[in-house]
Every structure is written in structure tokens, then in C-alpha cells.
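Taken in order, these protein sequences are the chains called B and D.
Position 313 of the first sequence, counted from 1, bears residue number 313 in my numbering, the numbering being contiguous throughout.
To convert a position in the second sequence, counted from 1, into my numbering, add 1000.
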Amino acid sequence: MTKAVLSVYQNLSYRWSQSLLLIGIGTFWPVWQWYFDRLTDPSDEPLGIVAVLTLLLLGAYKYQQANGNNVANLNFLSASNLRITLAIVAVLLCTYCAVIPVAPPIVSALLALAVCAVLLHRTLPVSLTPGDFALLALSLPVVASLNYYLGYPLRILACQMAAVMLNIGGLAVNVQGTEILSNNSIVGIDPPCSGIKMLWVALYLSATCASLRGLRSPQTLKLLAISLPAAIVANALRVSSLFYVESGIVPVSGVWHTLVHSGVGVAIFALSAAALVKVAYMLPLESKSSQSQTDKNIGIDSKANKLTTIASGCVVALFVFAAALPLAVNHVSDKISDTSFAGWPTQFEGQDLEPIKLSELTERFAKEFPGKIAVFTTGKSRIVYRWVTRPTLQLHPSANCYKASGYEIKWLPQYIDGNDKKWTAFQASKGAEKLLVRERIFDQAGHNWTDVSSWYWASVLKQSNSPWWAISKAERIE
Amino acid sequence: QADLQSFFKSWKANPQTDTPQFKHTVNSDALASAYMTDASLAQVAAYRELLSDMEQGSSDEANLLAGRYHLVSPASSAIVTNVPVVEEKTVGTAIEPEADTWLMLIVAFGVISFYVYQQKRNPRSSPA
């Protein structure tokens, strides 16, 4: 193969990839709209932006390094055969088209990002590594989903492991669900202690290290897999360390209390971060396929060129179809039949409830909600009822709503009412306004949950039957 | 046990002199509407109730009592009388939420920067 012929092929391949990338960016317009809304959603921390910025920084760093070392910096020259790229893009596009009417937006967004990443891999001047793909995935708003699906199991794990650590340390403790019982106190592992944030940062750290080192897929997957137990063990260690403080064994008071809490959390995370980075730098680098191998793959003749052109045409047609699909397909309605709805209660804790008209925003949310929402007042407090017949991510914690409205959240210990029902509780502050909010989910059989993740698992494991009610009470304390 | 229960049922001390601690008014159980100013006495009664519950196999009730009155189950230890003052109507305490995400991110950046720096200084040997 002469250099001239290879150059013609590479230019053609590069231009095709560039054109397809531009078409792809246009095709996924609904995804970008949703992605931007979620990245800037104040109810969640903007961690997705951190992942995107890291990706850009790493790209700039690698580009500089490649130039400095006089390494061939045109990645597309050594990229795989264009036909393989087209096949991958076609499969991803078909999956996107198949799932868009039924799957949650995060799945469509993941597929759209994967398509763009595959095309970027061929067009960018630096290679995209599996670590970069992982960072792209982490740029999606995954924390809410992680909290919903993994929050409760992680709390159980943290609780059990912390109890083992405390027992090894000579402290006789028992575990009841997500609570640790000691001599004279019960210490609860509440939803904000689940370790999800630590898990996200550990995954982010592993992805960044994998990208920096240019680890290949097996090593990157190994590193990401190690992040999960590393985060769980670190959180269990944090819980067991803080147990001594919370149970009064190690008395800490005043300003030191907050400092010790943060300090212990950060110090333990630093240990696990150092261990993860050490593992990342111990993993062997596999040699990349040589240029000659790639050259061998690029077998071009007139027949192959024709095939590539046809394949490219098919992919463009798929892109057009995928772009038009969101306009043509109505999303499967989440609305459910309300035949089993028995009506709203008229009293709350002995006080008469007076309905309040839903705000415009809540009204919009209620339209998409797979159940019913109503807001009441007792004169002193605001009561929000939500009624659902199936587990749904849309039954989010009310703390998210307060965060989105600009409130600062301070988690409080669980609250137990006069009927021995547990509530999750937090203080929401904005300026001079301070609200005490408590919330619980319950079913008609009397089961009670203080967070959405434990409720989700109870419903999945058939420990509770629909319908379910979520109630949150907010009262002004200042 | 019955004597203690009836004692607490009949004992309605002057609420104005009561301290806020353990001022639970639970309507459904045997200790209903008793204003308990003495934490130790309240614990004695609750512990007897807990034993009774455990004998009847009602471990949920026993655990609720243990939680409310800071008791442990008979399997582990005896009653601990020196209990800390707890806020009214809260269940024990909770482990503080995780460290701030931004703090953890700063730590992550720090650790990575250290390793990258080490690599640059000594490229042939891994800092690990």
C-alpha cells in the first residue's frame, strides 16, 4: 500500500467521521436539551460538569504531551477500520431508536454519548481511552439513580461491616436494619450516609487515572470494579469511626464535633483514594496495536470503498430516522388508572386539612407523575401527599425539591411520632427562613419507610403491595 | 412488672416541673401517658416490658422499646442507666452525612496530582 493511497483513504475516513459526528450532534437534540437541564439542575450537585471539565482538561494535557513527545497525534490515522466504526454506530443507533419510547432519558443519553464518543474517537487529534468513556458516562446525572437503586443496599452493607469492625474493636454492638445498637444508644445510618457520594468520587478517580495512564478496557473495568468495594469499605470505616463519637464513647463537643466528622470522612476517603491510585499505577499497560497491524486492516479496493459508501449512507439514514423519532413517537404514558384511589385524607395528626392549589411547576410535574399529588395546609404546616401504584424514580425525596428551590439542607436524626412511625427529617434554610421537614412512605398494610431506596427494594422484593403513599410535612421554625 | 406498669399509669406528676427529657406520650403501649421525669425508673419499666415482648416473640416491639429508652437486648448486656439527654421524639442519633463531595474531589485531585508529579520526577519507576 503506497503512502499516497493510504493518505487518500485516511482523509476520506476522517471526513466521513467528521460529517457523521456533526449529523449525530444534530440528531440527538432532545438528549442535549435534557442533558443541559440536568447538568444545571440545582437539586443535584453539578458533578456531571466536573466530569466533562476533567475530560476536556485531560484531552488538552494528552494533546500537549503527544506534541511534546513528537508522537503521531492524528488519532484517526491509527484508528480502526471505518467500516467497524460504522457497524458500531449502526448498532448503537438501532438500540437508541428501539429504547427511546420506553427507556428513561438517562439510557437514551448514554447511547447518544456512546455514538458521539465512538465518532469523536476517530476525529479527535488524541485518542479516547476507555477511561474517557467512563468519564463521559459519569457526566450523566447518575447520582439520583445511584441513590434510588443502591442507597439502601449500601446502607445495609455499611451497617453490617461497621458492626463487624466495632466488634473486632471490642465493642459489643447489634445491628437492626440500618441501625447499630450499642450499650446505651442507637446510631442510625441514614440515607445521607449511604456512601453514594464516596462511590461517585471513587469511580471518577478511577476513570481519571485510567484515562491518564491510557489503560485499555480490561484494566479500566478492573479499576472501576475495585472502586465499588473500596468505597463501601471506606464508608464502613467512616461509620465505625464516627460511631465512637456519636455514641459518646469518645466525647467531642462544640466546634470540634463538625470538624471531627468532616475530618474523619475526608481522611478515610484520602486513604481509599491513595489506594485506588496506587492500584491504577500498578496495573500493567498493554501494548497498543501497531501501526502495521492497522495498515493491514485498511484493505482498500474499489469494492471495499463502495461498501463503505453504502454503509455510510445507511448510517446517515439511521441518523435521520433517530432524529425524527422523538417527534413521531409519544412516550409511553406513565399515568395510571385511579380506580384504586380512595381519595385524599381530610385530617393529618388530628388537624383538618385544607387543599392548596398546586403551583404551575408542581402542576407540570404532576402531569408526568405516575400517580397523584396533592398539597394541603393545616394552618401551621404544609402537607404534601403523593400516591403511587408502582415503584418510580419520580417519587424523589422532598429534600431534592427544597435544594432545587435554593434551600440549604441539614439532615437531622430520624423522627418518631406518637404512633411510633419513623420519619426522615431535615432542616431546610434559605436566608432567615428555616423549615423543619419530615417525610415518610407507607402502604395500607402499615409498612413504613423513611427513604425511597428502602421502599423501592421492599416493593421489588414483594414485601409490600401497592398503592403507596408518601407524605411530607413542612413547618416553619423561624 | 404489673405493679410498675400501674405505677407509671397512675403517676401523673406535675408536667410543669417535668424536664423535657423522655417526655414521651405514647398512646398505645403499657407506659401510656406517663410523664417520666426519672430516666432510670423509666428504663426499668421499659426493660421489663422489653423482656415480656421478647418472651412473646415480639422482637419488633422489644427493639422499639430498646431504641426509645436506650436499652440493649438481653443477649448483649444489662440496662445502662447513665443515658445521655436526647432530643424529644428522635430515635437515638445518626451518623453525620458523608463528607462534602467537593472536599472529596479536592482530595482526589490532590492524590492524582501527587502521582503525576512523582511520575514526571521519576518516569522509570512507578511511585507505587
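Note that beta-carbon positions come from the ideal geometry of N, C-alpha and C, so glycine has one too.
Considering only the beta carbon of each residue, do residue i and residue j sit closer than 8 Å?
| i | j | result |
| --- | --- | --- |
| Leu276 of chain B | Ser217 of chain B | no |
| Ser241 of chain B | Val264 of chain B | yes |
| Arg83 of chain B | Ala311 of chain B | yes |
| Pro504 of chain B | Val388 of chain B | With chain B running from 1 to 478 in the structure shown, residue 504 of chain B is simply not present. |
| Ser227 of chain B | Gly131 of chain B | no |
| Val233 of chain B | Met161 of chain B | yes |
| Thr85 of chain B | Gln18 of chain B | no |
| Val1116 of chain D | Val266 of chain B | no |
| Tyr224 of chain B | Leu203 of chain B | Just to set this straight, residue 224 of chain B is Leu in the shown sequence, not Tyr. Closer than 8 Å, so yes. |
| Val260 of chain B | Val245 of chain B | yes |
| Ser89 of chain B | Val118 of chain B | For clarity, residue 89 of chain B is Val in the given sequence; the question names Ser instead. Yes; because the gap between Cβ atoms is below 8 Å, this pair is in contact. |
| Ala474 of chain B | Arg386 of chain B | no |
| Gly59 of chain B | Val126 of chain B | yes |
| Phe243 of chain B | Thr27 of chain B | no |
| Ser43 of chain B | Ala404 of chain B | yes |
| Leu1064 of chain D | Leu1071 of chain D | no |
| Cys97 of chain B | Phe321 of chain B | yes |
| Pro397 of chain B | Asp352 of chain B | no |
| Ser454 of chain B | Tyr152 of chain B | yes |
| Ile25 of chain B | Cys116 of chain B | yes |
| Gln414 of chain B | Asp190 of chain B | yes |
| Lys372 of chain B | Phe341 of chain B | yes |
| Ala137 of chain B | Trp34 of chain B | no |
Chain D beta carbons: is any one of them nearer than 8 Å to that of residue i?
| i | result |
| --- | --- |
| Ile186 of chain B | yes |
| Leu181 of chain B | yes |
| Leu92 of chain B | no |
| Asp420 of chain B | yes |
| Cys209 of chain B | yes |
| Val277 of chain B | yes |
| Leu212 of chain B | yes |
| Ala205 of chain B | Checking the displayed sequence, the identity of residue 205 of chain B turns out to be Leu instead of Ala. So, interface residue. |
| Lys197 of chain B | yes |
| Gln518 of chain B | The structure shown has nothing for residue 518 of chain B, since chain B only spans 1 to 478. |
| Val250 of chain B | no |
| Tyr35 of chain B | no |
| Tyr281 of chain B | yes |
| Val142 of chain B | no |
Is there at least one Cβ from chain B nearer than 8 Å to residue i's Cβ?
| i | result |
| --- | --- |
| Asn1014 of chain D | With a pLDDT of 42 at Asn1014 of chain D, under the threshold of 50, the predicted position of this residue should be treated as unreliable, and no value is reported. |
| Gly1057 of chain D | no |
| Met1054 of chain D | no |
| Asn1063 of chain D | yes |
| Leu1103 of chain D | yes |
| Tyr1117 of chain D | no |
| Ala1046 of chain D | no |
With 16 other CB atoms within 10 Å as the buried threshold, where does residue i fall?
| i | result |
| --- | --- |
| Tyr1069 of chain D | buried |
| Val91 of chain B | exposed |
| Glu439 of chain B | buried |
| Pro391 of chain B | buried |
| Ile186 of chain B | buried |
| Val444 of chain B | Rather than Val, the amino acid found at residue 444 of chain B in this sequence is Gln. So Gln444 of chain B counts as exposed. |
| Trp423 of chain B | buried |
| Pro179 of chain B | The displayed chain sequence assigns Glu, not Pro, to residue 179 of chain B. Buried, since its Cβ has 16 or more Cβ neighbours within 10 Å. |
| Lys197 of chain B | buried |
| Lys306 of chain B | exposed |
| Trp457 of chain B | buried |
| Gln293 of chain B | Because the pLDDT of Gln293 of chain B is 44, which lies under 50, any placement of that residue in the model is unreliable, and the number read from its coordinates should be weighed accordingly. Flag for Gln293 of chain B reads exposed. |
| Glu480 of chain B | Absent from the model: residue 480 of chain B. The displayed extent of chain B is 1 to 478, so no value can be given. |
| Glu363 of chain B | exposed |
| Ser1076 of chain D | With a pLDDT of 44 at Ser1076 of chain D, under the threshold of 50, the modelled position of this residue cannot be trusted; read the value that follows with caution. So Ser1076 of chain D counts as exposed. |
| Glu1049 of chain D | buried |
| Ile477 of chain B | exposed |
When you compare the CB of residue i with every CB in chain C, is at least one pair closer than 8 Å?
| i | result |
| --- | --- |
| Val201 of chain B | In the displayed structure, chain C is absent; the protein chains listed are B and D. |
field: Contacting positions in the stretch 256-275 of chain B - beta carbon closer than 7 Å to chain D
entry: His261, Ser262, Gly265, Val266, Phe269, Ala270, Ala273 and Ala274
message: At 4 residues or longer, what runs of the alpha helix (DSSP H) sit wholly inside the stretch 87-126 of chain B?
response: 105-123
- request: Identify every run of the alpha helix (DSSP H) within the stretch 195-253 of chain B, keeping only runs that are complete inside it and at least 4 residues long; order them along the chain.
  value: 196-213 and 217-246
field: Segments assigned beta strand (DSSP E), at least 3 residues, entirely inside the stretch 137-204 of chain B
entry: 174-176, 179-181 and 186-188
task: Anything in the stretch 43-67 of chain B with a Cβ closer than 8 Å to a Cβ of chain D? List those residues in chain order, please.
output: Glu45, Leu47 and Val50
query: Using Cβ-Cβ distances below 8 Å, what residues of the stretch 460-473 of chain B are close to chain D?
result: Sequence-ordered contacts of the stretch 460-473 of chain B with chain D are nonexistent [C-beta pairs closer than 8 Å].
- request: Run through the stretch 12-39 of chain B for me and flag every whole alpha helix (DSSP H) of 4 or more residues, listed as ranges in chain order.
  value: Residue ranges of uninterrupted alpha helix (DSSP H) with 4 or more members, entirely inside the stretch 12-39 of chain B and ordered along the chain, are 29-39.
task: Please specify which runs of the beta strand (DSSP E), each continuous and at least 3 residues long, are wholly inside the stretch 326-388 of chain B, giving them in chain order.
output: 354-356, 371-377 and 381-388
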